[in-house]
Amino acid sequence: MVGWAIAVHGGAGVDPNLPHHRQEEAKQVLARCLNMGISALRSSLPAVDVVELVVRELESDPVFNSGRGSALTEKGTAEMEASIMDGVGRRCGAVSGVTTVKNPISLARLVMDKSPHSYLAFAGAEEFARLHGAEVVDNDYFITEDNKGMLKLAKEANTIMFDYRIPTVLSDTCGASVENPLQMNGLPISVYAPE
Amino acid sequence: TVGCVVVDAQGRCAAATSTGGLMNKMCGRIGDSPLIGAGTYACGLCGVSCTGEGEAIIRGTLARDVAAVMEYKGLGLQAAVDFVVKERLDEGKAGMIAVSRNGEVGCGFNTNGMFRGFATEDGFVEVGIW
Numbered sequence: 086m087v088g089w090a091i092a093v094h095g096g097a098g099v100d101p102n103l104p105h106h107r108q109e110e111a112k113q114v115l116a117r118c119l120n121m122g123i124s125a126l127r128s129s130l131p132a133v134d135v136v137e138l139v140v141r142e143l144e145s146d147p148v149f150n151s152g153r154g155s156a157l158t159e160k161g162t163a164e165m166e167a168s169i170m171d172g173v174g175r176r177c178g179a180v181s182g183v184t185t186v187k188n189p190i191s192l193a194r195l196v197m198d199k200s201p202h203s204y205l206a207f208a209g210a211e212e213f214a215r216l217h218g219a220e221v222v223d224n225d226y227f228i229t230e231d232n233k234g235m236l237k238l239a240k241e242a243n244t245i246m247f248d249y250r251i252p253t254v255l256s257d258t259c260g261a262s263v264e265n266p267l268q269m270n271g272l273p274i275s276v277y278a279p280e
Numbered sequence: 013t014v015g016c017v018v019v020d021a022q023g024r025c026a027a028a029t030s031t032g033g034l035m036n037k038m039c040g041r042i043g044d045s046p047l048i049g050a051g052t053y054a055c056g057l058c059g060v061s062c063t064g065e066g067e068a069i070i071r072g073t074l075a076r077d078v079a080a081v082m083e084y085k086g087l088g089l090q091a092a093v094d095f096v097v098k099e100r101l102d103e104g105k106a107g108m109i110a111v112s113r114n115g116e117v118g119c120g121f122n123t124n125g126m127f128r129g130f131a132t133e134d135g136f137v138e139v140g141i142w
């Protein structure tokens with residue numbers, strides 16, 4: 086018998102100007118999800134059930150880039166993907182290109198448990214979701230005003246952005262008043278102005 | 013991208029990763045998160061979940077490499093995470109969380125920050141960003 090352990094993440098690559106209240110908001114979500122996992126482990130849930138449970142919670146919260154609050158495609162839609170792996174027997178399941186499944190990680194779990202395959206994508210994944218009664222919603226459910234704004238920024242900067250949270254109100258974090266055409270990492274230099 | 017890795021009291025490891033991908037990505041683009049061995053991996057030794065530049069994580073088979081260097085080089089969990097982040101990413105930017113069957117947690121990233129939280133049965137709890 087060993088001690089249990091759990092780790093969660095909400096993405097790497099953080100905007101250096103992320104406002105303090107957004108940082109606190111993110112930490113609260115992480116702490117809440119961590120506590121959910123700790124309670125499940127104390128109730129002796131198996132590891133594979135705990136990781137699914139915690140990622141579902143992270144997908145349901147719009148703060149991070151998954152499920153509700155997902156980054157948007159060039160067309161302004163949400164197209165999500167997920168995978169899960171059980172170290173016992175190295176069983177695994179994955180999905181890509183899902184646009185209506187409320188919790189992609191649970192669909193990946195269904196692929197692992199209920200299909201002869203390890204990966205389903207796009208129309209096949211959506212069909213499998215309905216076959217197995219996974220909860221489905223409109224694509225709008227995943228789209229937030231914040232991310233619409235960030236997509237606009239990304240298009241203006243003509244770039245593809247990583248897990249990146251740029252403050253929605255640039256003025257209160259970047260002193261530059263005159264728009265400087267200079268770009269860095271594909272983003273307007275004004276985003277980095279305070280540095 | 014979000015992820016969770018767990019080792020339970022019976023020493024069983026598991027990993028899960030979920031994402032919306034990249035802002036302004038092309039439709040049909042697939043990143044590292046759904047690729048077993050790249051963004052997600054779990055075996056008898058450890059569980060790993062990655063995030064960051066998907067293309068770099070895929071080319072480095074990042075999650076599987078943590079398990080591989082533990083298995084073949086005999087590295088401990090954090091040493092394996094540090095090795096992989098340092099040696100396998102080339103110019104790419106990424107981060108990862110990991111647990112081992114011995115009840116350890118590990119984390120590594122070469123970005124300016126990573127949203128993360130850890131807890132172990134002996135009472136250690138940490139939530140961090142930078």
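These protein sequence lines map, in sequence, to chains E and P.
If you count the first sequence from 1, position 77 lands on 162 in the numbering used here, and the numbers rise without skipping.
If you count the second sequence from 1, position 101 lands on 113 in the numbering used here, and the numbers rise without skipping.
Glycine included, each C-beta is placed from N, C-alpha and C at the ideal position.
None of these values were measured; they are calculated from a predicted model.
query: Delimiting residues of the beta strand (DSSP E) encompassing E:Cys-118; result: Unbroken run through E:Cys-118 is the alpha helix (DSSP H), 105–127; no beta strand (DSSP E).
query: Cutoff 7 Å; reference E:Ala-163; Cβ partners in own chain excluding five residues on either side; result: Ser-155, Leu-157, Thr-184, Asn-224, Phe-227 and Ile-228
query: For P:Ala-54 and E:Gly-172, believed in contact at Cβ under 8 Å, the rounded distance; result: 4 Å
query: Residues bridged to E:Asp-231 (per DSSP); result: Per DSSP, none; premise fails for E:Asp-231.
query: Length-filtered (3 minimum) beta strand (DSSP E) runs lying within the region 36–75 of chain P; result: 52–54 and 58–64
query: C-beta contact flag for P:Ala-27 and P:Ala-50 at 8 Å; result: no
query: Where E:Phe-149 sits in the DSSP three-state scheme; result: coil
query: Which listed residue (E:Ser-129, E:Val-140, E:Trp-89 and E:Asp-134) has its alpha carbon closest to that of P:Arg-128; result: E:Val-140
query: DSSP beta-bridge partners of P:Arg-112; result: Residue 112 of chain P is actually Ser in this sequence, not Arg. DSSP output for P:Ser-112 lists P:Cys-58 as bridge partner(s).
query: Pairwise C-alpha distance: E:His-94 and E:Pro-104; result: 19 Å
query: Minimum Cβ-Cβ distance from E:Asn-102 to chain P less than 8 Å; result: no
query: Three-way DSSP call (helix, strand, coil) for E:Ile-169 in this model; result: strand
query: Extent of the continuous beta strand (DSSP E) to which E:Phe-213 belongs; result: Here E:Phe-213 belongs to no beta strand (DSSP E); instead the alpha helix (DSSP H) covers 207–216.
query: Beta-carbon gap between P:Leu-34 and P:Gly-72 smaller than 8 Å; result: no
query: P:Val-78 and P:Ala-106 closer than 8 Å at C-beta; result: no
query: Nearest residue (CA-CA) to P:Lys-37, options P:Gly-86, P:Val-18, P:Arg-24 and P:Glu-67; result: P:Glu-67
query: Supposed contact pair E:Ala-97 and P:Gly-64 - C-beta distance, whole angstroms, cut 8 Å; result: 5 Å
query: Per-residue contacts from E:Lys-112 into chain P (C-beta, under 9 Å); result: Phe-127, Gly-129, Val-139, Gly-140 and Ile-141
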